[in-house]
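Let me begin by presenting the structure, written as structure tokens, before commenting on it.
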Amino acid sequence: MSEYILEMNHITKEFSGVKALDDVNLKVRKGEIMAICGENGAGKSTLMNVLSGVYPYGEYSGDIVYNGEICKFHNIRESEAKGIVIIHQELALSPYLSVAENVFIGNERLAGKGVIDWTATRREAQELLARVGLEDENVNVPVNSLGVGKQQLIEIAKALGKKADLLILDEPTAALNDRESAQLLELMLQLKAQGLTCIIISHKLNEISYVADSITIIRDGHTIETLHKGKDDFSEDRIIKGMVGRELTNRYPKREDCPIGDVIFEVKDWTVYHPDDSERKVLDNVNIQVRAGEVVGLAGLMGAGRTELAMSLFGHAYGQKISGSVKINGKEVQMKSVKEAIDNKLAYVHEDRKTFGLILIDSIKRNMSLSALNNFFSKKGVVDREKEVIKAEEYRKRINVKTTSVDQAVGSLSGGNQQKVVLAKWMLTEPDVLILDEPTRGVDVGAKYEIYCVINELAKAGKAVIVISSEMPEIIGTCDRTYVINEGEIAGELSGDEITQEAIMSCIMAHNRKE
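Going by numbering that gives the first Met the number 0, the first residue of the sequence shown is number 0, and it counts up by one from there.
Set out below in structure tokens:
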């Protein structure tokens, strides 16, 4: 019997005449963890959708050989019946159903014809949760009462309930914090020890280097190479070279000829209470300043209050009993609605682009012009469609959105290109202050570099830029100055060479001791 559980031979897949996959070949050994790497839009998710039957047989050319048998999957049920289970980046859980119901949704435990055996459902759900490290979890609570990290583990339990032999995880740690990510990676290694084969798609190269036995690199719809642990160079620089086709010596482009000017954004004594609990203070007397041409970071642990600060500033989109003052260009402004925030030249790129940043079924041009529609693209309620197209094309080229047309649905773009559309949407409002919340989440290293170039361009244009990021190297590499936030308060301020991971953590620890 072959050592390979899966072979994908000469896979080609087209969308409207454009080849998303062009003669792709992939081999996965039994019991290994294989990582698939590539830039956004390289074809990684498309390849996995071909494998799992999302794109049925007949819509692509080439062969899928699984356990020595040529397979022609017409839907996901057929691939799952063979033991191939895919977990997509957007979790497929029903939020208001219980944990047990979600674990067996579509795979119900039946006592008779159409009758669910609830005792067996709860018992087996508890057993599966124990396999993924959630042995103490209550299987009767609604799944939306749990954090994203636990929901990701429930998706894996759900896959194990389908008797998965090959588990595909698409960006499994994109929305997880460091502790949750580490827990998931350790689980993958445990499942590997139990004989499960895994394919992981991820942009987090340090995680891939740690967990994977082999790495297949895809670039522009072609397989470039496969690296094997213990045999080939598994360093992040080597993986990046394969992904982008060149050495990337500096992941953070230098910001040159960018003088820092006067303070144009100032927040004083900003205090915010939780939207559901008027006695719970989320932010307490926060004071920050940002100068023209300056990039300022907001660093801190998950739940420190960084996103809450950004949203409460942006039109009071978060919280209640908000007090304090905001000055833009030396003038105190009131921003009690999102419209008022936009009118006062404040823009905010939310960390969740798919929920709060984009209308996925609408076109690129409509998404780009949406926030600027009232002030820049319409007159007396009539939209200037020609101007809308011209500006959308200008920004498509300016920030390198990879698309055939600005009329293309934004939901069909890769994650990195969707993020660029969100950036363009807010750049078109011509803001003086731009808050970027996790601007490179779920984005490959090449697209990250392009987004950093956009940040530099905004700073050179004299804008005040605030970057919120959970990746400390990103804060260090992009920011002139950084505020450290902990427990809703400013725990410290660092500038220039002072900004290090050690200094950030020292500020947090010192603030905790003070608390």
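Cβ atoms here follow ideal geometry from the backbone N, Cα and C, with glycine treated the same way. None of these values were measured; they are calculated from a predicted model.
Under DSSP, Q193 forms no beta bridge with any residue. Between A490 and G299, the CB-CB gap stays under 9 angstroms. Distance between I35 and W269, taken at the CA atoms: about 44 angstroms. V453 and K424 have their C-alpha atoms some 13 angstroms from each other. Judged by DSSP in its simplified three-state form, K81 adopts coil rather than helix or strand.
Apart from the 5 residues on each side of it in sequence, T428 sits with its Cβ closer than 6 angstroms to the Cβ of I341, A346, S370 and A371 in its chain, given in chain order. Residue environment for E170: buried (at least 16 other C-beta atoms within 10 angstroms of its C-beta). Annotation for E307: V271, V281, L282, Y317 and G318 place their beta carbon closer than 7 angstroms to its own, counting only its chain and skipping 5 residues before and after.
Between the segment 356-365 and the segment 395-411, the count of C-beta pairs closer than 8 angstroms reaches three or more; the two stretches touch. Here F14 is exposed: its Cβ has fewer than 16 other Cβ atoms, across all protein chains shown, within 10 Å.
Given a length threshold of 4 residues, each whole run of the alpha helix (DSSP H) inside the segment 323-365 is given here in chain order: 337-342.
Under the three-state reduction of DSSP, G495 is assigned to helix. Excluding five sequence positions before and after S208, the CB atoms of its chain that fall closer than 6 angstroms to its own CB belong to F233, given in chain order. In this structure, the alpha-carbon of H73 lies about 43 angstroms from that of I467. The beta carbon of N374 sits closer than 8 angstroms to the beta carbons of I341, D342 and T428 from its chain, once the five residues preceding and following it are set aside; these are given in chain order. Under the three-state reduction of DSSP, R254 is assigned to coil, being neither helix nor strand.
Distance from the Cα of G329 is smallest, within the candidate group D261, I363, K513 and V243, for D261. By the Cβ neighbour-count rule, R397 is exposed, with fewer than 16 other Cβ atoms within 10 Å of its own. Here the alpha carbon of L168 sits roughly 30 angstroms from the alpha carbon of Q500. In the structure shown, the three-state DSSP call for P94 is coil.
Counted as a single uninterrupted DSSP element, the beta strand (DSSP E) harbouring Q288 occupies residues D276 to R290.
Relative to M242, the option among K253, V210, S201 and P55 whose CA is nearest is S201. Looking at the DSSP output, L168 shares a beta bridge with I86 and I199. For G296, the beta-bridge partners assigned by DSSP are V466 and T481. Cβ neighbours of I259 within its own chain (closer than 8 angstroms, five residues either side excluded): R290, A291, G292, E293 and D479.
For K401, no alpha helix (DSSP H) encloses it, and the DSSP letter there is neither H nor E. The beta carbon of N176 lies closer than 6 angstroms to those of M301 in the same chain, with the five residues before and after it left out. If you draw a straight line from the Cα of H9 to the Cα of V102, it comes to about 35 angstroms. A contact between stretches requires three or more CB pairs, one per stretch, nearer than 8 angstroms, and the segment 442-456 meets this requirement with the segment 25-40. Annotated as proximal: V138 and A124, with beta-carbon spacing under 9 angstroms.
With respect to the C-alpha of N143, the residue from L159, V98 and V17 having the closest C-alpha is V98. For the pair F376 and K390, the CB atoms are nearer than the 9 angstroms cut-off.
Annotation for T215: no alpha helix (DSSP H) segment contains it, though the beta strand (DSSP E) segment containing it runs S213 to R218.
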